[in-house]
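**Q** Dumping the structure here so I can ask a few things about it.
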Amino acid sequence: MDKLRITGGRPLEGEVRVSGAKNAALPIMCASLLTAQPLKLGNVPRLMDVSTMAKLLGQMGVEVSRSEGKMTLTARTIQDPTASYDLVKTMRASVLVLGPLLARCGRAKVSLPGGCAIGQRPVDQHVKGLQAMGATIAIEHGYMHASAERLRGARIVMDLVSVTGTENLMMAAALAEGTTLIENAAREPEVADLARALSAMGAKIQGAGSDVIRIEGVASLGGAGHEVMPDRIETGTYLAAVAAAGGKVRLAGAEPRSLDATLEKLREAGAKIALNNSTIEIEMQERPQAVSVRTAPYPGFATDMQAQFMALAAIARGTAMITETIFENRFMHALELQRLGADISIEGNTAVVRGVERLQGARVMATDLRASAGLVIAALVAEGETVVDRIYHLDRGYEALEKKLSRLGARVERIR
Ligand code: UD1
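Residue numbers (this note's numbering): 1407 to 1822.
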């Protein structure tokens, strides 16, 4: 298993280019199931999760070709509308095939995702919405067996805000008969990006990016081209790294308007930030001030940025309260940060982080994707050498992490 060896203590300087968004690329790849014609994507990030999705779609008969940042997916026929446990357990986003398969083939067999390191993560909202559209869904031997002659438009009020839940229902509704209203929909920019891709394929969608989405079903969708939006979580991770380690960095190919909550918190921490259309410049020349965050659905502070901000708080001046409201078990990085010398106590869903002046390098273990990013940030600040174990978590969601960080002057090395 690969590890990262990081020698901390250097400020970050220079420019990095942001990759395409993992959480937009994955649902948009699934949208290819809705048409027999090619879906041509650009700005596709080179990530393990993207390869896993390509493999999953390939198993169903989708032809996938890929070069550099481009990917063409053609679902001429779907041989087997099944997502097996083997792949779903490694990547929960696999559940995004459920809606499109049901809409296109009238049936689907998709493994239940099961528990994962950051909490229970059920799929009841996906199921409830598809049932409202006329699907029959039985759960047997750990699989959802779904069928429907043709899905019908419906008014769906989601009990809670679910990103992939909203995306699954939006894709299903695109080919349903009649109009679907999704209320209490997720407003994440990735939902809006998926809607843009679907619209390019001929879907009729209004309101994506707001909490009410209206989809008028059409009889068929066609091929299209689409550029995947920039990854706001990757962007935010580099910004937090600079805020923690100090220095001056320019992020190119970013989408600043998708990062309001993060940018506001970084300014509060003392970072100087300059924006234009697609670049963000950050400068930090002092030890950060402690900033408290509370995670919430978009446009609130992203749960996917929580671990990175805990690392920032660990070396800040003062005490920060980090409150996690989305996932019930997303503080595992706290124990690992303590191994580096952080002072963190957890009470319920709040971590109280008392900033210390110095962290010290140690061996730590990545527990999930964003937790690992938090550990990398802490390691960039820590004195001496940190070895981060199990970085396959990072490879799922950060393209060329060690290359990008090295380019900024960090001492980072992958040990195979
Ligand atoms: C997506 C993101 C993930 C991010 C998360 C929250 C992708 C591929 N992944 O995950 O990076 O951390 O949004 O911003 O886009 N829930 C239910 N029932 C459901 C669905 C969800 O109870 O049917 C709960 C979950 O357990 C969680 C909350 O709702 O507590 C939000 O989860 P959700 O938005 O669905 O997360 P994902 O879409 O899986």
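Heads up, the beta-carbon is just placed ideally off N, CA and C, and yes, glycines get one too.
Give a yes or no on contact between the stretch 1707-1714 and the stretch 1760-1779, applying the rule of three or more CB pairs nearer than 8 angstroms.
**A** Short answer: they touch.
**Q** So the candidates are Met-1466, Glu-1687 and Ala-1720; which of them puts its Cα closest to the Cα of Val-1516?
**A** The count along the sequence shown starts at 1 and reaches residue 1516 at position 110. Val-1516 has its Cα closest to that of Met-1466, out of Met-1466, Glu-1687 and Ala-1720.
**Q** Any heavy atom of ligand 1 within a distance shorter than 7 angstroms of the CB on Gly-1761?
**A** Position 355 of the sequence shown holds residue 1761. Gly-1761 Cβ: outside cutoff for every heavy atom of ligand 1.
**Q** Flag Phe-1733 as yes when its Cβ comes closer than 7 angstroms to any non-hydrogen atom of ligand 1, and as no otherwise.
**A** Mapped onto the sequence shown, residue 1733 falls at position 327. Flag set: Cβ of Phe-1733 near ligand 1.
**Q** Please name the residue, chosen from Leu-1627, Ala-1788, His-1799 and Thr-1701, that lies closest to Thr-1441 on a Cα-to-Cα basis.
**A** By 1-based counting over the sequence shown, the position of residue 1441 is 35. Cα-wise, what sits closest to Thr-1441 is Leu-1627.
**Q** For Ser-1568, count neighbouring Cβ atoms within 10 angstroms of its own Cβ and tell me buried if that reaches 16, exposed if not.
**A** As a working note, residue 1568 is residue 162 in the sequence shown. With 16 or more other Cβ atoms within 10 Å, it is buried.
**Q** Take Cys-1436 and list the residues in its own chain whose beta-carbon comes closer than 7 angstroms to its own, dropping the five residues that flank it on each side.
**A** Residue mapping note: residue 1436 aligns to position 30 of the sequence shown, counting from 1. Leu-1502, Val-1503, Pro-1506 and Met-1577, listed in sequence order.
**Q** What residue range is occupied by the uninterrupted beta strand (DSSP E) comprising Gln-1612?
**A** Position 206 of the sequence shown holds residue 1612. Run containing Gln-1612: 1610-1612, per the beta strand (DSSP E) assignment.
**Q** State whether the stretch 1570-1586 contacts the stretch 1620-1634, with contact taken as three or more CB pairs (one from each stretch) at a distance under 8 angstroms.
**A** Yes, the stretch 1570-1586 is in contact with the stretch 1620-1634.
**Q** According to the Cβ coordinates, are Thr-1572 and Ala-1603 closer than 8 angstroms?
**A** In the sequence shown, residue 1572 corresponds to position 166, counting from 1. In the sequence shown, residue 1603 corresponds to position 197, counting from 1. Not in contact: Thr-1572 and Ala-1603 (Cβ atoms no closer than 8 angstroms).
**Q** Return the residue from the list Ser-1698, Glu-1594, Asp-1408 and Gly-1652 that minimises the CA-CA distance to Leu-1814.
**A** Taking the first residue of the sequence shown as 1, we reach residue 1814 at position 408. Nearest option by C-alpha distance: Gly-1652.
**Q** How big is the Cα-Cα spacing for Gly-1615 and Gly-1548?
**A** As a position in the sequence shown, residue 1615 is number 209, starting the count at 1. As a position in the sequence shown, residue 1548 is number 142, starting the count at 1. Distance between the alpha carbons of Gly-1615 and Gly-1548: 33 angstroms.
**Q** Just to confirm before moving on: does the CB-CB distance between Ile-1752 and Ala-1650 stay below 8 angstroms?
**A** As a position in the sequence shown, residue 1752 is number 346, starting the count at 1. As a position in the sequence shown, residue 1650 is number 244, starting the count at 1. Not in contact: Ile-1752 and Ala-1650 (Cβ atoms no closer than 8 angstroms).
**Q** For ligand 1, is there any heavy atom lying closer than 7 angstroms to the beta carbon of His-1799?
**A** Residue 1799 sits at position 393 when you count from the first residue of the sequence shown. His-1799: no, Cβ never under 7 angstroms from ligand 1.
**Q** Going by C-alpha distance, which of Val-1422, Arg-1693 and Asp-1795 is nearest Glu-1640?
**A** Within the sequence shown, residue 1640 is the residue found at index 234, counting from 1. Among Val-1422, Arg-1693 and Asp-1795, the Cα nearest to that of Glu-1640 belongs to Val-1422.
**Q** Is Gln-1714 a contact residue of ligand 1, with contact defined as CB to any heavy atom under 7 angstroms?
**A** Against the sequence shown, residue 1714 aligns to sequence position 308. The answer is no for Gln-1714.
**Q** Fully enclosed by the stretch 1535-1583, which beta strand (DSSP E) runs are 3 residues long or longer?
**A** The qualifying runs are 1542-1546, 1549-1553 and 1561-1563.
**Q** Measuring CA to CA, which of Leu-1418, Gly-1631 and Glu-1742 is closest to Leu-1447?
**A** For the purposes of this step, residue 1447 is taken as the residue at position 41 of the sequence shown. Closest option to Leu-1447, Cα to Cα, is Gly-1631.
**Q** Which one or two residues does DSSP pair with Gln-1766 in a beta bridge?
**A** In the sequence shown, counting from the first residue as 1, residue 1766 sits at position 360. Per DSSP, Glu-1789.
**Q** Enumerate in chain order the residues of its own chain whose CB-to-CB distance from Arg-1745 is below 7 angstroms, with the five nearest sequence positions on each side excluded.
**A** Reading the sequence shown from its first residue, position 339 is the one you call residue 1745. Result list for Arg-1745: Ala-1768 and Val-1770, in chain order.
**Q** Return the first residue and the last residue of the alpha helix (DSSP H) that Lys-1428 is part of.
**A** Start at 1 with the first residue of the sequence shown, and residue 1428 comes out as number 22. It spans 1428-1437 - the alpha helix (DSSP H) in which Lys-1428 sits, taken as one unbroken run.
**Q** Taking its Cβ as the centre, do 16 or more other Cβ atoms sit within 10 Å of Arg-1663, making it buried, or is it exposed?
**A** On the sequence shown, residue 1663 is found 257 positions in, with the first residue counted as 1. The residue is exposed, with fewer than 16 neighbouring Cβ atoms inside 10 Å.
**Q** Consult DSSP for Ser-1605 and reduce its assignment to one of helix, strand or coil.
**A** The sequence position of residue 1605 within the sequence shown is 199, counting from 1. Helix at Ser-1605.
**Q** With a threshold of 7 angstroms, establish whether the CB of Thr-1570 neighbours any heavy atom of ligand 1.
**A** In the sequence shown, counting from the first residue as 1, residue 1570 sits at position 164. Under cutoff, so the answer is yes.
**Q** Using a Cβ distance threshold of 8 angstroms, determine whether the stretch 1410-1419 contacts the stretch 1667-1678, with at least three qualifying pairs required.
**A** The answer is no - the stretch 1667-1678 does not touch the stretch 1410-1419, with fewer than three Cβ pairs under 8 angstroms.
**Q** Return the first residue and the last residue of the beta strand (DSSP E) that Asp-1492 is part of.
**A** The residue you call residue 1492 lines up with position 86 of the sequence shown. It is not in any beta strand (DSSP E) - Asp-1492 instead sits in the alpha helix (DSSP H) that spans 1491-1494.
**Q** Where does Glu-1670 sit, in a helix, a strand or coil, going by DSSP?
**A** As a first step, residue 1670 is located in the sequence shown; it is residue number 264 there, counting from the start. Correct three-state label for Glu-1670: helix.
**Q** Could you say which of Gly-1803, Val-1470 and Ala-1816 lies nearest to Ser-1425 if we only look at CA atoms?
**A** As a first step, residue 1425 must be located in the sequence shown, where it is residue number 19. Of Gly-1803, Val-1470 and Ala-1816, the residue nearest in Cα terms is Gly-1803.
**Q** I'd like the list of long-range same chain contacts for Ser-1490, defined as Cβ closer than 7 angstroms, with 5 residues on each side in sequence excluded.
**A** Counting from one through the sequence shown, the residue named residue 1490 turns up at place 84. Within the same chain, Ser-1490 has close Cβ partners Ser-1517.
**Q** Just confirm the distance between the C-beta atoms of Asp-1637 and Lys-1428, as a whole number of angstroms; I'd bet it's less than 8 angstroms.
**A** Walking along the sequence shown from the start, residue 1637 turns up at place 231. Walking along the sequence shown from the start, residue 1428 turns up at place 22. Contact holds; Cβ gap of about 6 angstroms.
**Q** Our contact map puts Ala-1748 next to Val-1759 with C-beta atoms below 8 angstroms; I'd like the distance itself, whole angstroms only.
**A** Walking along the sequence shown from the start, residue 1748 turns up at place 342. Walking along the sequence shown from the start, residue 1759 turns up at place 353. Indeed they touch by this definition, with Cβ atoms about 7 angstroms apart.
**Q** Considering only their Cβ atoms, is the gap separating Ala-1460 from Met-1635 smaller than 8 angstroms?
**A** Against the sequence shown, residue 1635 aligns to sequence position 229. Against the sequence shown, residue 1460 aligns to sequence position 54. No, the Cβ-Cβ distance between Met-1635 and Ala-1460 is not below 8 angstroms.
**Q** What residue does the alpha helix (DSSP H) around Ile-1639 start on, and which one ends it?
**A** Indexing the sequence shown from 1 puts residue 1639 at position 233. Ile-1639 -> alpha helix (DSSP H) spans 1638-1651.
**Q** Compare the beta carbon distance of Ala-1720 and Leu-1765 with 8 angstroms and say whether it is the shorter of the two.
**A** Counting from one through the sequence shown, the residue named residue 1720 turns up at place 314. Counting from one through the sequence shown, the residue named residue 1765 turns up at place 359. Yes. Within cutoff.
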